[in-house]
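Per the numbering used here, residue 85 is the first one in the sequence shown, and the count goes up by one each step. Notes for the one structure printed next.
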Amino acid sequence: MEEFRIETGRLVITPLTEEDREPCVDLALEGTIFALLGSETLTRAARAAAWREISAPENLNGVLRLKSGEFCGRLCAQKTRDLPELGIALAAPFRGQGLAAEAIRAFGRWYRGRTGLCRLRVRIRPGNEPSLRLFESLGARPDPDPPALCPQPGQPAPETTLCFLLELEK
């Protein structure tokens, strides 16, 4: 796992570790049926699957913490065939404070310096207005040639998403 530490005015971004498992899985399952189920077996299986997806070794994950050390979210550059995809999730108490934009700008500058890539793809669910506004404010533009999502064997069909390209700052 690559070591890094990215600091902003309010945040510290560091690599994902096993110690981040519970807050990251809680965040990933927030608002899903699994967060509401009473079945311990289904919940345990959903949590394990979420952690496998989050911690996949081909992804570059960063955990977002306030400078005080409090967990507030995570971001990820997920490898794809052509262009890595950026994802970010903030815990509910930290939304609407500009932390996502702060994290994306800092991570983007670091990532560009590390990889030389000038842009990342972003997928956003239709109707996710806060994310659409955020990425629009960061200069993301619709992807003119988005790749098709391929269903995985035994998995449900992928969700419809809107694709954008985000130019990374120097």
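The C-beta atom is built at its ideal place from N, Cα and C for all residues, glycine as well. Since we're looking at a predicted model, the values are computed, not measured.
In the structure shown, the three-state DSSP call for P210 is coil.
Distance between N143 and R105, taken at the CA atoms: about 15 angstroms. Counting C-beta pairs closer than 8 angstroms gives three or more between the segment 188-205 and the segment 156-169, which meets the contact rule.
The C-beta distance from T245 to R207 rounds to 4 angstroms, short enough to fall under 8 angstroms. Taken in chain order, the complete alpha helix (DSSP H) segments of 4 residues or longer contained in the segment 92-168 are 105-113, 117-120 and 124-138.
Beta bridge pairing from DSSP links C247 with R207.
Assigned with DSSP and collapsed to three states, R225 falls in strand.
When C-beta atoms of the segment 134-154 are compared with those of the segment 93-111, three or more pairs fall below 8 angstroms, so the two segments count as touching. Collapsing the DSSP output to three states places A187 in a helix. Rounded to the nearest whole angstrom, the C-alpha separation of C247 and V109 is 25 angstroms. With a threshold of 16 other beta carbon atoms within 10 Å, S221 falls short and is exposed. Collapsing the DSSP output to three states places G171 in a strand.
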